[in-house]
């Protein structure tokens, strides 16, 4: 296939949230894989209507948290009990108790960074160029309209059938998006 | 119609993952008794008045940034910058002369600087409470105030950090606080609560900025597209850079919402731990009046109390100036007043309990400290604290007072004043008269100290004014999500 002439996909506009929900259910049930909804806010229940799996961000957060806690504990042990034994008031050189507050804060710090980096990486952001952003009505998708984009690389994609499905689902202004 | 309105009011009810298609279908026969039950109608409070559309919300909030800079903004900005210059001059004088330009002297070596530090950090806590704890508790009224409250948090942490850093005296050694190898080959003492505080406050500042930024990303994308369409390419490029190419994809929103909930989940223990650790700075010492186990919860309640005072102080004028009454409704003000009332009452309880334990604990030094606080040389500060923190919030019991916006604003100022005096009373009275009468003293601030402190209100205001000029003061996406038309399940209405 020549990538130069192939469009990115077909985009359809929906005016109201329930319309989008119904349309998303139809597209999901038609078996499409490479498609997306563009919404100005997170629509409650749309993940289920689209068949999007539960986000994998929490796994990355957990790894970040564990690394943070271990960093805190080992850093304090290394600094106060191994590298330079610091004698203060006859207290032990290392104890998990006094190391806890700092390790706790580092757990949170590392979890926060892991969560945010994980979210951006899973979303493949930053991506400042994207065909969807070239759509001249895209600003409406961040304001008060909803879009469904079905990509041409989807194995089920067929210009006429896909267009018909979006029309049947209640979409208006159904047009092709250039790559 | 009545059945419709019932489903619409309980808009949180369908929550199962496949609710999109089955939530109205009943697979099991409905028990007959349910027809006789008449459940109470609990209408949800309207969070956006006058049934405003999505587009109205976008135009309203973006309009603040896109419009011409109002004259009042310049007046406020120049005034704030002038006031901020007091802090700058005070600090330059301190660095070039020495920490002695502040009024500290034996026995009071922690005074206004630590008071101001705890005061500003405490103010920040309401922002995190609103953005994190209320998010976890699904308190949807937080949406219209959380952005500004988080901004307040960050700017308050900036103001707070100034004081301990400059209290070091030799500011160029401030990096010794962090575990960076230095030429003495000595590491920090991690048994000290002061070192815990370094980690707590720097983590708090960092996570607050991250949380704030993640919340901003979708709104920055809105501004990117709007400025692009208006032909303002440079501004569009700048907002677009930070918007990360956000395009409103629901596959993105899915990860985004999960990340947001996790950040709320980690910020909640964070905000509680930060003021707990701040209170350890005192509670871990042996000084009468500081060495008490009540300090962590008492400090956290006080922080939230003072923070909500500051949120009211900031949001009420913004609401009036930008005509945001449809977004910050009377219901929002009621909620904020009630939290101020609840935390203020906890603080009042803590004052009473400290006094009780000082007597019940039968420690003569502890007993003396509290008698001295209420009737000693600093009694004036103690009674300002009591009247502002214990009496003022009790007025919020009355609906009439909560509905009088001007009065609520004035009362919120009293809360701020009272909470500053609380920290003054705790820190200064305990240090000024400890175990040995021969070492007693009386602390008064120097002029430099006074100007440095009042200047931080200018620093805070400068940052806050820049925020309201260049960033959306409310999270548009989140507000849209709590409007009735955002509900995707309202099949029966069509």
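Chains as they are written, first to last, in the numbering used here: chain A, 25 to 203; chain B, 537 to 1030.
The C-beta atom is built at its ideal place from N, Cα and C for all residues, glycine as well.
Remember, predicted model here, so these are calculated numbers, not experimental data.
CB-CB length for residue i against residue j, believed under 8 Å
i	j	result
residue 73 (chain A)	residue 48 (chain A)	4 Å
residue 953 (chain B)	residue 638 (chain B)	Rounded, the Cβ-Cβ distance is 21 Å, inconsistent with contact.
residue 736 (chain B)	residue 809 (chain B)	6 Å
residue 172 (chain A)	residue 36 (chain A)	5 Å
residue 739 (chain B)	residue 140 (chain A)	The Cβ separation is near 14 Å, so there is no contact.
residue 658 (chain B)	residue 689 (chain B)	About 11 Å separates the two Cβ atoms, so there is no contact after all.
residue 591 (chain B)	residue 167 (chain A)	6 Å
residue 583 (chain B)	residue 1018 (chain B)	5 Å
residue 732 (chain B)	residue 125 (chain A)	4 Å
residue 834 (chain B)	residue 800 (chain B)	In fact, because the Cβ distance is near 25 Å, the residues do not count as touching under 8 Å.
residue 1031 (chain B)	residue 980 (chain B)	With chain B represented from 537 up to 1030, any question about residue 1031 (chain B) goes unanswered, as that position is not in the structure.
residue 174 (chain A)	residue 186 (chain A)	5 Å
residue 912 (chain B)	residue 969 (chain B)	7 Å
residue 795 (chain B)	residue 143 (chain A)	4 Å
residue 715 (chain B)	residue 99 (chain A)	7 Å
Neighbourhood of residue i by C-beta distance below 7 Å, restricted to the same chain and skipping five residues each side
i	result
residue 772 (chain B)	760, 763, 764
residue 691 (chain B)	996, 999, 1000
residue 958 (chain B)	838, 921, 925
residue 1011 (chain B)	679, 682, 683, 751, 755
residue 137 (chain A)	88
residue 1015 (chain B)	584, 593, 679, 680, 863
Proximity below 7 Å, CB of residue i to CB of residue j
i	j	result
residue 600 (chain B)	residue 858 (chain B)	yes
residue 951 (chain B)	residue 845 (chain B)	yes
residue 891 (chain B)	residue 906 (chain B)	yes
residue 574 (chain B)	residue 81 (chain A)	no
residue 190 (chain A)	residue 786 (chain B)	no
residue 841 (chain B)	residue 883 (chain B)	yes
residue 631 (chain B)	residue 707 (chain B)	yes
residue 849 (chain B)	residue 932 (chain B)	no
residue 832 (chain B)	residue 804 (chain B)	no
residue 781 (chain B)	residue 149 (chain A)	yes
residue 901 (chain B)	residue 910 (chain B)	no
residue 945 (chain B)	residue 852 (chain B)	yes
residue 95 (chain A)	residue 802 (chain B)	no
residue 784 (chain B)	residue 165 (chain A)	yes
residue 788 (chain B)	residue 147 (chain A)	yes
residue 677 (chain B)	residue 871 (chain B)	yes
residue 977 (chain B)	residue 929 (chain B)	no
residue 743 (chain B)	residue 806 (chain B)	yes
residue 65 (chain A)	residue 1013 (chain B)	yes
Proximal residues to residue i (C-beta, below 6 Å), its chain only, five neighbours per side dropped
i	result
residue 686 (chain B)	663, 667, 748
residue 177 (chain A)	58
residue 699 (chain B)	649, 652, 653
residue 713 (chain B)	734
residue 110 (chain A)	104
residue 62 (chain A)	165, 171
residue 671 (chain B)	800
residue 33 (chain A)	173, 174, 175, 176, 201
Residues near residue i in its chain [Cβ-Cβ closer than 8 Å; skip 5 each side]
i	result
residue 987 (chain B)	622, 623, 625, 626
residue 194 (chain A)	38, 43, 46, 47
residue 30 (chain A)	176, 203
residue 612 (chain B)	997, 1001
residue 211 (chain A)	Nothing can be reported for residue 211 (chain A), as the shown portion of chain A is limited to 25 through 203.
residue 586 (chain B)	862
residue 561 (chain B)	Confidence at residue 561 (chain B) is low in this model, with a pLDDT of 47, below 50, so the placement of that residue should be treated as unreliable; the coordinate-derived value is given next. Result list for residue 561 (chain B): empty, nothing under 8 Å.
residue 192 (chain A)	50
is_contact[residue i, chain D] using C-beta, thresh 7 Å
i	result
residue 32 (chain A)	This model lacks chain D altogether; the protein chains it does include are A and B.
**Request:** For the region 154-167 of chain A and the region 108-120 of chain A, state whether three or more C-beta atom pairs, one from each stretch, are separated by less than 8 Å.
**Result:** No: fewer than three Cβ pairs fall under 8 Å.
inquiry  = Does the contact criterion of 3 or more C-beta pairs under 8 Å hold for the region 777-785 of chain B versus the region 636-653 of chain B?
reply    = no
Entirely within the region 103-162 of chain A and at least 4 residues each: give me those alpha helix (DSSP H) ranges in chain order.
120-146
message: Taking contact to mean 3 or more Cβ pairs, one atom from each stretch, closer than 8 Å, check whether the region 854-870 of chain B and the region 956-964 of chain B are in contact.
response: no
TODO: With a floor of 4 residues, list each alpha helix (DSSP H) that falls wholly inside the region 873-924 of chain B, ordered by position along the chain.
DONE: 900-911, 915-922
Touch test, the region 986-997 of chain B against the region 686-702 of chain B, Cβ-Cβ under 8 Å, three pairs minimum: yes
Checklist entry - Counting pairs of Cβ atoms below 8 Å between the region 666-676 of chain B and the region 966-976 of chain B, do you hit three or more? => result no
message: Please give the ranges of any alpha helix (DSSP H) in the region 629-696 of chain B, keeping only runs that are unbroken, at least 4 residues long and fully inside the region.
response: 648-664
In chain order, which continuous runs of the beta strand (DSSP E) of length 3 or greater are located wholly inside the region 948-1014 of chain B?
-> The qualifying runs do not exist here; there are none.
(request) At 4 residues or longer, and completely inside the region 726-765 of chain B: list those alpha helix (DSSP H) runs for me, N to C. (result) For the region 726-765 of chain B, whole alpha helix (DSSP H) runs of length 4 or above, ordered along the chain, are 729-765.
* To do: Go through the region 784-830 of chain B residue by residue and report every complete run of the alpha helix (DSSP H) that reaches 4 residues or more, in order.
  => Scanning the region 784-830 of chain B from its first residue to its last, the whole alpha helix (DSSP H) runs of 4-plus residues come out as 786-819.
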